[in-house]
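Listed in order, the protein sequences are those of chains A and B. Oh and the first sequence: position 81 is 81 in the UniProt record's numbering, straight run, nothing missing. Oh and the second sequence: position 46 is 46 in the UniProt record's numbering, straight run, nothing missing. Every residue gets a Cβ at the ideal spot worked out from N, C-alpha and C, and that includes glycine. Since the model is a prediction, treat every value here as computed from it, not as a measurement. Notes follow once the structure below has been shown.
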Amino acid sequence: MSLDTAPPPARQQRRATPPAPKGPSAAARWARRAPLLPALIFTIIVTQLPFVATLIISVLRWNSLDPDNRGFAGFDNYAAVFTDANLRSSIVTTVILTVVVVVVCLVLGLGLALLLDQKFRGRGLVRTMLIAPFLVVPVAAALLWKHALYNPEYGLFNGAITWLWSLFGADRPPQPEWISDMPLVAVEAALVWQWTPFMMLILLAGLQSRPMDVVEAARIDGATPWQIFRYLTFPHLRQYLELGGLLGSIYIVQNFDAVFTITSGGLGTANLPYTIYQTFYQAHDYGQASAAGVVVVIGSLIIANFALRVVSSLLKDEVK
Amino acid sequence: MAGIGGAETTAKKTRWGILNAVVVIYALFPVLWIVSLSFKSKDTLADGNFIPRSWTFDNYSEIFKTTEFVRALANSIGIALIATAVAVVFGTMAAYAIARLDFPGKSLLVGVSLLIAMFPQVSLVSPLFEIERSLGLFDTWPGLILPYITFALPLAIYTLSAFFREIPWELEKAAKMDGATPGQAFRRVIAPLAAPGVFTTAILVFIFCWNDFLFAISLTSTERSRTVPVALSFFTGSSQFEDPTGSIAAAAVVITIPIILFVLFFQRRIVAGLTSGAVKG
Chain A
1 MSLDTAPPPA RQQRRATPPA PKGPSAAARW ARRAPLLPAL IFTIIVTQLP
51 FVATLIISVL RWNSLDPDNR GFAGFDNYAA VFTDANLRSS IVTTVILTVV
101 VVVVCLVLGL GLALLLDQKF RGRGLVRTML IAPFLVVPVA AALLWKHALY
151 NPEYGLFNGA ITWLWSLFGA DRPPQPEWIS DMPLVAVEAA LVWQWTPFMM
201 LILLAGLQSR PMDVVEAARI DGATPWQIFR YLTFPHLRQY LELGGLLGSI
251 YIVQNFDAVF TITSGGLGTA NLPYTIYQTF YQAHDYGQAS AAGVVVVIGS
301 LIIANFALRV VSSLLKDEVK
Chain B
1 MAGIGGAETT AKKTRWGILN AVVVIYALFP VLWIVSLSFK SKDTLADGNF
51 IPRSWTFDNY SEIFKTTEFV RALANSIGIA LIATAVAVVF GTMAAYAIAR
101 LDFPGKSLLV GVSLLIAMFP QVSLVSPLFE IERSLGLFDT WPGLILPYIT
151 FALPLAIYTL SAFFREIPWE LEKAAKMDGA TPGQAFRRVI APLAAPGVFT
201 TAILVFIFCW NDFLFAISLT STERSRTVPV ALSFFTGSSQ FEDPTGSIAA
251 AAVVITIPII LFVLFFQRRI VAGLTSGAVK G
C-alpha cells in the first residue's frame, strides 16, 4: 500500500507488533492522528446524524399535511413502500433503468476503450472529445437531450430524419414524439450518452495496464486478435469491468437529474429517488419518504456487495 | 503500448477516419447542436439548420439580464469554491494521515469514507431538510456548502491518498536528517510534490459541487441560494407558451464552459485523477 520503508513509529497494533523501541509518547501518537479528525468528525456529523434521523422518522407516522396524527408506526411505512403500487413500480423502474444503462455503457465503453487503445493519429484529441459528455453538467445534459435532440419540431433527431428522407426524395418523413413514445428509452439513452465515457476511462486504464509482453508472445505464437482478446485481455479487464459496473450501478440507482428533467417522472419513468423526492415534497409524507430512503440505502449496499461477488465468480468460472 | 499498426495503408487510414468520425459525432454532435441553438434567433430556432442562419447573442444577453440566472451563477461559484476549499484542506490532512501514518482502524476508516461517498444522497435529503429548517440553514449558502463538503470529502480523501502513496516519502526523512524541522520538511519537500494531486482533487471536487442538482433543488427555495442547475431547470417549467429553448441553450453553454475549460487545460491530470482509484486500487 504505502511506500513506508521503516515501520512507522506510531504503530500500535494489538497483535504482536514488537513495541516500537523509542516510540513517541501517547500524546504524540494522538497528534499524528489529529489530521484525520476534522474530516472524520465532519463527515460523520453531516451524513450519519441525518441518516439516524431518517431511520427514526421511517418508523414514525408523520405527514405534515396531517400534523395531529403523528406517532409510532412500526414497520407500516416499510410495508407501504413495498405494497404501494407507485413505489413498487418505481422500484422496478429503478432496476430496469440501472441494468440497461450500466450494461449498455459497459459494452460501448469497452468498444471505445479498445478503439482508443490502438495507435492512430489524433488519439489524444478523440479521447478528449469522448470525455466531453461526462463533463457536461448533468442537468444541462438532460435538458440538451430533452430540448435539442428529442424535441419533435426542432430536435436534432427529427431534423436528421427529415434530412435523410429528403436525400432520397421522400417528402413525408416520420416525426416521432420521442419522449412520449418511448419515455424510459429516452431517459436511458441520455444517461448512456453521459456515462459511457466514465466506463471508457476505467476500461482504458485497465487496457493500458495489460502486460504487453504476454500479448506479444501470444501473437508470435500465432494467436488471432480474437483469441488474444478472449483469453488475455478480457480476463485482465475483469476487475475493471467489475469496478465500472459497480460504481456505475451505484450512481445510476441514485439518478435524479435525468428523470426529473426529461420526463418529470411521468409516463412510468419515476425511479425510486424521484418518487422519494415526490413523496417528501409533494405528498409531505415524511415517514414514508424516509422508509423509501432507507430502502435505497440498503439497495445500494446490496448492489455494492452482490454485484461484486456475482460478477467476479461468474467471470472466474468462465476463465477456467 | 499497443504494437499494432506498423505501416499505415490507405485503406486502414480510411477505416480509422470513418470510425473516428462516428465516435466524434456520437460524443460531440449533441454538444455542438446546443451551442448552435444558443446562437439562433427566435424565428430560426426551429429551422433545423445545423449552422445558424442568422447569428445572434440575444439569448446570452437575455439570460444575463435576468437576476434569476446571474444570482444563481454567483451562488454556484461561491458555494462550489467555498466547499471545495474546505473539503480539500480537510481531505489533504486526512489523506496524509492515511497514506503516511499507521494506526489501528485505518482500513476501516478508508472503507467508511468510501461507503459515505456512495451513500444515496436522496435518503439524506428529507432529514437534512428538517434539520436545516430548524437550524435556520435552509435556503442559505451554508445549507448547501455543508452537505457538499460531506460528499466531496470522501472523494477528496480517496483521490488524494492515491496520489500521496506515490510520493517518495524517504525525501522527508532525508530532509529531516539534513536538519529540517518537520514543518520545513513538509513545506519545502512534500508540499511541492503533493501540489499536483491536491490541485487535481480540487478540480474534481469543484466539478462535483458545480454539478449537483438534488441537494440544490431540495435545500433551497428562493434565488438567495439557488444554484445554476436548479435555475436552469426552472427555465423550462416557467414559460409554457413562450419557448425558452434559446435561453436554456445559452445557459447550458455558460455553465458548461468552466468545466470544459478546466478539462482542456488539465486534461492529463483529470484523467489520471478519475482513474487513480482504478489503477492503484
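Over the uninterrupted alpha helix (DSSP H) stretch that includes residue i, give me the two end residues.
| i | result |
| --- | --- |
| L73 (chain B) | T67 to R100 |
| residue 282 (chain B) | Absent from the model: residue 282 (chain B). The displayed extent of chain B is 1 to 281, so no value can be given. |
| E223 (chain B) | Segment: none, E223 (chain B) is in no alpha helix (DSSP H) and carries neither H nor E. |
| S90 (chain A) | A85 to D117 |
| V35 (chain B) | T10 to S38 |
| H284 (chain A) | Here H284 (chain A) belongs to no alpha helix (DSSP H), and DSSP marks it neither H nor E. |
| F262 (chain B) | T245 to F265 |
| T128 (chain A) | R123 to L135 |
| A141 (chain A) | P138 to L143 |
| D213 (chain A) | M212 to I220 |
| W226 (chain A) | P225 to I228 |
| N211 (chain B) | A191 to N211 |
Quick check: is the beta carbon of residue i nearer than 7 Å to any beta carbon in chain A?
| i | result |
| --- | --- |
| T245 (chain B) | yes |
| I51 (chain B) | no |
| T256 (chain B) | yes |
| V70 (chain B) | no |
| F138 (chain B) | no |
| S238 (chain B) | Per-residue confidence for S238 (chain B) stands at a pLDDT of 43, beneath the threshold of 50, marking its modelled position as unreliable; the derived number appears in the next sentence. No, S238 (chain B) lies away from the interface with chain A (no Cβ there is under 7 Å from its Cβ). |
| S54 (chain B) | no |
| S225 (chain B) | no |
| G17 (chain B) | no |
| F241 (chain B) | Since pLDDT at F241 (chain B) reaches only 49, below the 50 mark, its modelled position is unreliable, and no value is offered. |
| L232 (chain B) | yes |
| V263 (chain B) | yes |
| P142 (chain B) | no |
Are the C-beta of residue i and some C-beta of chain B separated by less than 7 Å?
| i | result |
| --- | --- |
| M129 (chain A) | yes |
| I262 (chain A) | no |
| D221 (chain A) | no |
| S58 (chain A) | no |
| P211 (chain A) | no |
So, is residue i buried or exposed, given that buried needs 16 or more other C-beta atoms within 10 angstroms?
| i | result |
| --- | --- |
| W210 (chain B) | buried |
| G122 (chain A) | exposed |
| Y231 (chain A) | exposed |
| G237 (chain B) | Since pLDDT at G237 (chain B) reaches only 41, below the 50 mark, its modelled position is unreliable, and no value is offered. |
| I248 (chain B) | buried |
| K22 (chain A) | Here the model assigns K22 (chain A) a pLDDT of 47, short of 50, so the residue's position is not dependable and the matter cannot be decided. |
| K12 (chain B) | exposed |
| L135 (chain A) | buried |
| E216 (chain A) | exposed |
| W226 (chain A) | exposed |
| D102 (chain B) | buried |
| L130 (chain A) | buried |
| A34 (chain A) | exposed |
| K40 (chain B) | buried |
| V214 (chain A) | exposed |
What in chain B is Cβ-close to residue i, meaning under 7 Å?
| i | result |
| --- | --- |
| S89 (chain A) | The premise fails here: S89 (chain A) is roughly 17 Å from chain B at the closest Cβ pair, so nothing lies under 7 Å. |
Going along chain B in order, which residues have a C-beta closer than 9 Å to the C-beta of residue i?
| i | result |
| --- | --- |
| G293 (chain A) | P120, V122, S123, L124, V125, S126 and P127 |
| S290 (chain A) | S123, S126 and P127 |
Which chain B residues are close to residue i, counting only those with a beta carbon under 8 Å from its beta carbon?
| i | result |
| --- | --- |
| V126 (chain A) | N20, V23 and V24 |
| Y286 (chain A) | S126 and E130 |
| R50 (chain A) | A small correction: the amino acid at residue 50 (chain A) is Pro; Arg does not occupy that position in the sequence shown. The contacting residues are L124, P127, L128 and I131. |
| A148 (chain A) | P30, W33, I34, L37, T245 and A249 |
| G245 (chain A) | The premise fails here: G245 (chain A) is roughly 12 Å from chain B at the closest Cβ pair, so nothing lies under 8 Å. |
| A296 (chain A) | Strictly speaking, residue 296 (chain A) in this sequence is Val, with Ala absent from that position. Near V296 (chain A) (Cβ distances below 8 Å), the residues of chain B are P120, V122 and S123. |
Counting only Cβ pairs nearer than 7 Å, list the residues of chain A close to residue i.
| i | result |
| --- | --- |
| N211 (chain B) | V137 and P138 |
Counting only Cβ pairs nearer than 9 Å, list the residues of chain A close to residue i.
| i | result |
| --- | --- |
| L214 (chain B) | Q254, F256, D257, F260, P273 and Y277 |
| I259 (chain B) | L135, V136 and V137 |
Just the chain A side, please: which residues come within less than 8 Å of residue i by C-beta, in chain order?
| i | result |
| --- | --- |
| V198 (chain B) | Neighbours of V198 (chain B) on chain A: none; closest Cβ ~14 Å, over 8 Å. |
| M177 (chain B) | Chain A residues near M177 (chain B): none, gap ~13 Å exceeds 8 Å. |
Can you determine whether any heavy atom of the ligand NAD sits closer than 6 Å to the C-beta of residue i, and answer yes or no?
| i | result |
| --- | --- |
| T227 (chain B) | Looking for the ligand NAD in the displayed structure turns up nothing, as the structure carries no ligands at all. |
Since residue i meets chain C, which of its residues come closer than 8 Å, beta carbon to beta carbon?
| i | result |
| --- | --- |
| G122 (chain A) | The displayed structure is made up of protein chains A and B, and chain C is not among them. |
Between the segment 193-204 of chain B and the segment 261-271 of chain A, are three or more C-beta pairs nearer than 8 Å?
A contact is defined here as three or more CB-CB pairs under 8 Å, and the segment 193-204 of chain B fails this definition with respect to the segment 261-271 of chain A.
Are the segment 223-235 of chain B and the segment 157-176 of chain B touching by the rule of at least three beta carbon pairs closer than 8 Å?
In short, these stretches do not touch, since the Cβ pair count stays below three.
Evaluate contact between the segment 127-135 of chain B and the segment 152-160 of chain B, counting only Cβ atoms and requiring at least three cross-stretch pairs below 8 Å.
For the pair of segments examined, the segment 127-135 of chain B was found not to touch the segment 152-160 of chain B: the number of CB pairs separated by less than 8 Å stays below three.
Should the segment 172-186 of chain B be called in touch with the segment 144-155 of chain B, which here means at least 3 C-beta pairs below 8 Å?
Segments in contact, no.
Are the segment 185-198 of chain B and the segment 246-263 of chain B touching by the rule of at least three beta carbon pairs closer than 8 Å?
No, the segment 185-198 of chain B is not in contact with the segment 246-263 of chain B.
Does the count of Cβ pairs from the segment 188-204 of chain A and the segment 104-117 of chain A closer than 8 Å reach three?
They touch, by the three-pair rule.
At least three beta-carbon pairs within less than 8 Å, the segment 89-108 of chain A to the segment 245-254 of chain A
Cβ pair count under 8 Å is three or more, so yes.
Count the CB pairs spanning the segment 278-287 of chain A and the segment 140-158 of chain A that are closer than 8 Å, and state whether there are at least three.
No, they do not touch.
Determine, using beta-carbon pairs with one atom in the segment 66-74 of chain B and one in the segment 219-228 of chain B, whether at least three such pairs fall under 8 Å.
Note that the segment 66-74 of chain B touches the segment 219-228 of chain B; at least 3 beta-carbon pairs, one per stretch, sit closer than 8 Å.
If you pair each beta-carbon of the segment 176-191 of chain A with each one of the segment 148-166 of chain A, do three or more pairs fall below 8 Å?
They touch, by the three-pair rule.
Can you confirm whether the segment 48-62 of chain B touches the segment 78-96 of chain B when touching is taken to mean that 3 or more C-beta pairs between the two stretches lie within less than 8 Å?
These segments do not touch.
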